[in-house]
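Residue 210 in the working numbering sits at position 82 of the sequence shown, with consecutive numbering throughout. Virtual Cβ for every residue (Gly too), placed ideally from N, Cα, C. The structure under discussion appears below in the form of structure tokens.
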Amino acid sequence: MPPTSLLLAAILAAGAAPDPHRAEIEAWRAQRVERLKLPDGWLSLVGLDWIEPGRTAIGSAVDASAVGPDADAYVKIAGVPPRLGTLTLADGKLSIALEAGTGATVDGKPATQATLLADDSGTPSVVAHGSVSFIVIERSGRHALRVRDSAAATRTGFVGMDYYDIDPSWRVEGRFLPHPDGKTIPIANVIGTLDDTPNPGAVEFERDGKQYRLEAVDGGPDQLWFIFSDRTSGKQTYGAGRFLYSDRPKPGSDLVVVDFNKSYNPPCVFTPYATCPLAPPENRLDLAVTAGELNYRGVVH
Numbered sequence: 129m130p131p132t133s134l135l136l137a138a139i140l141a142a143g144a145a146p147d148p149h150r151a152e153i154e155a156w157r158a159q160r161v162e163r164l165k166l167p168d169g170w171l172s173l174v175g176l177d178w179i180e181p182g183r184t185a186i187g188s189a190v191d192a193s194a195v196g197p198d199a200d201a202y203v204k205i206a207g208v209p210p211r212l213g214t215l216t217l218a219d220g221k222l223s224i225a226l227e228a229g230t231g232a233t234v235d236g237k238p239a240t241q242a243t244l245l246a247d248d249s250g251t252p253s254v255v256a257h258g259s260v261s262f263i264v265i266e267r268s269g270r271h272a273l274r275v276r277d278s279a280a281a282t283r284t285g286f287v288g289m290d291y292y293d294i295d296p297s298w299r300v301e302g303r304f305l306p307h308p309d310g311k312t313i314p315i316a317n318v319i320g321t322l323d324d325t326p327n328p329g330a331v332e333f334e335r336d337g338k339q340y341r342l343e344a345v346d347g348g349p350d351q352l353w354f355i356f357s358d359r360t361s362g363k364q365t366y367g368a369g370r371f372l373y374s375d376r377p378k379p380g381s382d383l384v385v386v387d388f389n390k391s392y393n394p395p396c397v398f399t400p401y402a403t404c405p406l407a408p409p410e411n412r413l414d415l416a417v418t419a420g421e422l423n424y425r426g427v428v429h
């Protein structure tokens, strides 16, 4: 190419207007990865242990006999002392008695005894020792310990995410169809339970001349949450489907923008210790959604 042509091309490239949609998606991707990589992000999940009513000893010892006969059950957690403490579940409430000298904390403070708030409280109690921590989660009336380790191989060996190319045609405008107040939709999850989940409405959209519909579940006061699968699921993308959030329509409008470039993998793509919801039958699209995150190719704990 002649020098004058090269100079002209450089000037045109330098003066090209930025693509706001591409910039938005790239920023969204970067924020998503930073959240994943946090010490208490999904990449650090290493255990999910169900707790039954009664007393449960917790520690790193090989079996219950190594920690004494004063418990009904035992949960092994690697990376903590042989006997970290004892959990008591009674009347739907969990408390913990920590062994003296372990250095363990509850919500960042040294403690010997504490009542533990579960995740349904919005601010679950965090029990920590070194790089290991756990919270209590509640699912369908049952309680479990969700265990994290900031030194987990899934976190230290994170290889990043792969994506379809950003495609503005997958930013579609849909019509929100509200449901009556209080309507729910049954949502299954990977642990085999079914939850009646608030279902504020559905969104209809068009792609390649065909109409499609997605049922939304409650994503908070400002957002709709879509749990969906499509014809890429189990092939290019994660088999159990993907998640996607969209802003709720503005007052007096039924317009919802559904940007499939923001479709992302559920936590179960990284770990078997999450409790991910699955796409309901209504959201299994007969459509190849070639946008958003691809399946994860890194270490799964």
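When Cβ pairs closer than 8 Å are counted between the two stretches, the stretch 290-306 is seen to touch the stretch 376-391, the count reaching three or more. By alpha-carbon distance to Leu171, the top candidate from Ala279, Thr251, Pro377 is Ala279. Listed as beta-bridge partners of Ile313 by DSSP are Thr325. Annotation for Ala281: the continuous alpha helix (DSSP H) segment containing it runs 281-284. In this structure, Met289 is the residue among Cys396, Met289, Ser361 with its C-alpha nearest to the C-alpha of Arg160. The three-state secondary structure of Glu227, taken from DSSP, is coil.
In terms of Cβ geometry, Gly236 and Val208 do not form a close pair [threshold 8 Å]. Straight across, the Cα-Cα distance linking Arg211 with Gly231 is about 12 Å. The straight-line gap separating the alpha-carbon atoms of Leu322 and Thr403 is approximately 12 Å. Around the beta carbon of Thr214, 16 or more other beta carbons lie within 10 angstroms, which makes this residue buried. Look at the beta carbons and you see the stretch 348-366 not touching the stretch 254-272: under three pairs across the two are nearer than 8 Å.
Note that the C-beta distance between Ser223 and Leu245 is not below 8 Å. Cβ-Cβ distances below 6 Å link Asp248 to Glu266 in the same chain, with the five nearest sequence neighbours on each side left out; the list follows chain order.
Closest in alpha carbon position to Asp336, among Val417, Glu154, Tyr424, is Val417. Under the criterion of beta carbons closer than 8 Å, Phe398 and Tyr366 do not qualify as touching, at roughly 10 Å. Distances from the CA of Ser391 to each of Ala218, Glu162, Asp200, Asp295 were compared; the closest alpha carbon is that of Asp295. In the three-state reduction of the DSSP assignment, Glu180 falls in the coil class. According to the DSSP assignment, His149 belongs to the alpha helix (DSSP H) that extends over 148-164. With contacts defined by Cβ atoms closer than 8 Å, Gly426 and Val287 form a contacting pair. Positions of the alpha helix (DSSP H) runs, each at least 4 residues long and wholly inside the stretch 246-295, are given as 281-284 in order along the chain.
Straight-line spacing of the CA atoms in Ala206 and Asp177 works out to 13 Å.
Phe398 sits in coil when the DSSP states are folded into three classes, being neither helix nor strand. Excluding its 5 nearest sequence neighbours in each direction, Gln241 has C-beta neighbours in its own chain below 8 Å: Ser223, Ile224, Ala225, Leu226, listed in chain order. Separation of Val254 and Tyr340 (C-alpha to C-alpha, rounded to the nearest whole angstrom) is 42 Å.
For Asp375, the uninterrupted beta strand (DSSP E) segment begins and ends at 370-375. Taken atom to atom, the span from the alpha-carbon of Leu372 to that of Gly420 is near 9 Å.
Inter-residue distance for Ala189 and Asp277 is about 17 Å (C-alpha atoms, whole angstroms).
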